[in-house]
Amino acid sequence: LWIVDKSVDKKKGYPQLIEAAHLLAENEVVAFPTETVYGLGGNAKSDEAVRKIFGAKGRPNDNPLIVHVASMEQLNEITVEIPKLAKTLINEFWPGPLTLILEKKEGVLSTSVTAGLRTVGVRMPDHPVALELIRASGVPIAAPSANTSGKPSPTTAKHVSDDLNGKIAGIVDGGPTGVGVESTVLDCTVSVPVILRPGGVTKEALEAVIGPIKEDAALKNQAVTPKSPGMKYTHYAPNAPLILIEGSREFFQQIVDQYKAEGKKVAVMVPEEHADDYQSDYLVRSGSLANLQSVAARLYDTLRTFNDLDVDIILAEVYPETGIGQAIMNRLHKAAGHQLIKEK
Ligand code: TXA
Ligand code: MG
5 LWIVDKSVDK
15 KKGYPQLIEA
25 AHLLAENEVV
35 AFPTETVYGL
45 GGNAKSDEAV
55 RKIFGAKGRP
65 NDNPLIVHVA
75 SMEQLNEITV
85 EIPKLAKTLI
95 NEFWPGPLTL
105 ILEKKEGVLS
115 TSVTAGLRTV
125 GVRMPDHPVA
135 LELIRASGVP
145 IAAPSANTSG
155 KPSPTTAKHV
165 SDDLNGKIAG
175 IVDGGPTGVG
185 VESTVLDCTV
195 SVPVILRPGG
205 VTKEALEAVI
215 GPIKEDAALK
225 NQAVTPKSPG
235 MKYTHYAPNA
245 PLILIEGSRE
255 FFQQIVDQYK
265 AEGKKVAVMV
275 PEEHADDYQS
285 DYLVRSGSLA
295 NLQSVAARLY
305 DTLRTFNDLD
315 VDIILAEVYP
325 ETGIGQAIMN
335 RLHKAAGHQL
345 IKEK
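Per UniProt numbering, the sequence shown starts with residue 5, numbered consecutively.
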């Protein structure tokens with residue numbers, strides 16, 4: 005496994021990416037940074053490359069991959085017609101953390117990219133390394149998050165190598181990613197677009213541009229099967245069980261004390277504003293309540309941190325479900341396997 009850093013040469017751009025682009029063109033798989041999380045990229049037209057992506061991650065075959073493009077030409081190469089609302093969103097949010105589900109053009113992409121669906125998820129990442137790599141490879145790049153299936157998504161090159169060393173051709177290191185949670189997945193094949201996965205572009209921001217949109221009922225109700233295949237799998241879980249606590253800080257501390265009384269080692273995950281309010285074995289700061297983006301940016305690193313601690317149980321505060329808070333809570337609920345204790 006080789007790791008190249010992004011080292012920008014102002015005149016030459018990113019010369020080291022040429023090697024990574026060659027590997028992609030030869031249907032090898034390479035991890036690269038995007039503005040959300042690291043992706044595990046492969047030629048989206050190649051069955052062989054796509055097979056390697058699923059294999060390295062241990063990803064179920066029914067979970068389709070997002071195709072990353074660097075130009076509108078590439079988008080038009082893989083989709084049929086783009087609805088007006090989708091065009092408006094592309095003008096406003098691309099490049100950026102918004103994946104659009106569109107009708108795919110038959111016979112262009114490897115059929116396993118879309119897991120047999122008639123639609124394709126496409127986005128243009130807002131990261132100079134990602135865009136340059138896609139351009140240099142000359143093909144649309146299929147890329148799921150570059151983690152082992154089920155683990156927290158990677159936001160650093162180290163996270164990627166912790167999971168995938170020995171299973172992939174290389175990693176392009178672009179430093180820590182900025183947004184920290186994955187792209188918003190929006191189904192644009194219906195008259196009123198539907199959020200299938202909350203992410204980097206908030207519902208509020210989307211509605212400010214195209215008016216009211218819907219959310220997949222499965223996001224609020226576990227009994228409903230999600231429209232996005234990937235959303236049904238457990239995900240992001242640390243090794244020790246994680247439980248979300250909703251209520252006052254006094255209530256939270258009572259729960260900590262109950263577990264401690266059972267002889268358990270307890271870690272708490274709390275915003276820095278509340279860091280002095282708890283007594284536990286370990287305390288991990290999640291970021292600032294005054295700036296939920298800071299919680300999102302380090303969320304997956306925070307979840308991975310617990311695996312280095314000798315803990316029996318992790319208790320985490322909940323966050324307001326506005327703006328990026330919606331994506332944060334979606335990931336935390338999954339990481340907790342939907343375990344939540346609510347103050348009466
Ligand atoms: O920010 C991101 O989106 C990152 C970076 C690397 O771009 N990628 C990412 O990919 O999160 P992945 O594979 O971990 O998540 C893709 C999600 C899954 O929930 C999948 O089911 C859904 O998008 N998806 C992909 N194609 C779809 C389609 N045609 N219809 C419905 N859902 C789709
Ligand atoms: Mg993923």
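C-beta: ideal position from N, C-alpha, C; glycine also.
| query | Using the rule of at least 16 other Cβ atoms within 10 Å of the residue's Cβ for burial, across every protein chain shown, is Thr40 buried or exposed? | reply | Taking the sequence shown and counting its residues from 1, the one referred to as residue 40 is at position 36. It counts as buried.
*Do you know how far the Cα of Thr306 is from the Cα of Thr160?*
Along the sequence shown, one-based indexing puts residue 160 at 156. Along the sequence shown, one-based indexing puts residue 306 at 302. Going from the Cα of Thr160 to the Cα of Thr306 covers about 12 Å.
Counting C-beta neighbours from all protein chains within 10 Å, is the total for Lys56 16 or more, i.e. buried, or is it exposed? Numbered from 1 along the sequence shown, position 52 holds the residue referred to as residue 56. Result: buried.
Buried/exposed call for Ser290, threshold 16 Cβ in 10 Å
Here residue 290 refers to the residue found at position 286 of the sequence shown. So Ser290 ends up on the buried side.
So the alpha helix (DSSP H) Lys264 belongs to, where does it begin and stop? Reading the sequence shown from its first residue, position 260 is the one you call residue 264. From DSSP, the alpha helix (DSSP H) with Lys264 extends over 253-265.
task: Please list, in chain order, all residues of the same chain as Lys346 whose beta carbon is under 6 Å from its beta carbon, the five residues on each side excluded.
output: Within the sequence shown, residue 346 is the residue found at index 342, counting from 1. Taken in chain order, the residues that qualify are Glu250.
| query | Does the segment 161-172 come close enough to the segment 181-201 to have 3 or more Cβ pairs within less than 8 Å? | reply | no
Worksheet item: Applying the criterion that 16 or more other CB atoms from any shown protein chain within 10 Å of the CB defines a buried residue, is Gly178 buried or exposed?
Response: The residue you call residue 178 lines up with position 174 of the sequence shown. The residue is buried, with at least 16 neighbouring Cβ atoms inside 10 Å.
Q. How about Pro129: is its Cβ closer than 7 Å to a heavy atom in the ligand TXA?
A. Position 125 of the sequence shown, counting from 1, holds the residue named residue 129. Yes, since a heavy atom of the ligand TXA falls inside the 7 Å radius drawn around the Cβ of Pro129.
- Any chance the CB of Leu200 is under 7 Å from a heavy atom of the ligand TXA? Reading the sequence shown from its first residue, position 196 is the one you call residue 200. Flag set: Cβ of Leu200 near the ligand TXA.
Closest to Leu210 by CA distance: which of Lys338, Thr92, Ala340, Val54 is it? As a position in the sequence shown, residue 210 is number 206, starting the count at 1. Of Lys338, Thr92, Ala340, Val54, the residue nearest in Cα terms is Thr92.
My assumption, with CB atoms under 8 Å, is that Pro144 sits in contact with Ile82. Please give the rounded CB distance. As a position in the sequence shown, residue 144 is number 140, starting the count at 1. As a position in the sequence shown, residue 82 is number 78, starting the count at 1. Correct: roughly 6 Å between the Cβ atoms.
- request: Confirm the yes/no value for this check: CB of Glu347, any heavy atom of the ligand TXA, distance under 7 Å.
  value: As a working mapping, residue 347 is identified with position 343 in the sequence shown. For the ligand TXA, not one heavy atom lies less than 7 Å from the Cβ of Glu347.
My guess is that Tyr323 and Leu296 are in contact by the Cβ rule of under 8 Å, so how many angstroms apart are they, rounded?
Within the sequence shown, numbered from 1, the residue matching residue 323 stands at position 319. Within the sequence shown, numbered from 1, the residue matching residue 296 stands at position 292. Their Cβ separation, rounded to whole angstroms, is 6 Å, which keeps Tyr323 and Leu296 in contact under 8 Å.
Under the assumption that Pro230 contacts Asp220 (Cβ atoms under 8 Å), give the Cβ distance between them as a whole number of angstroms. Position 226 of the sequence shown holds residue 230. Position 216 of the sequence shown holds residue 220. With a Cβ gap of about 6 Å, Pro230 and Asp220 count as contacting.
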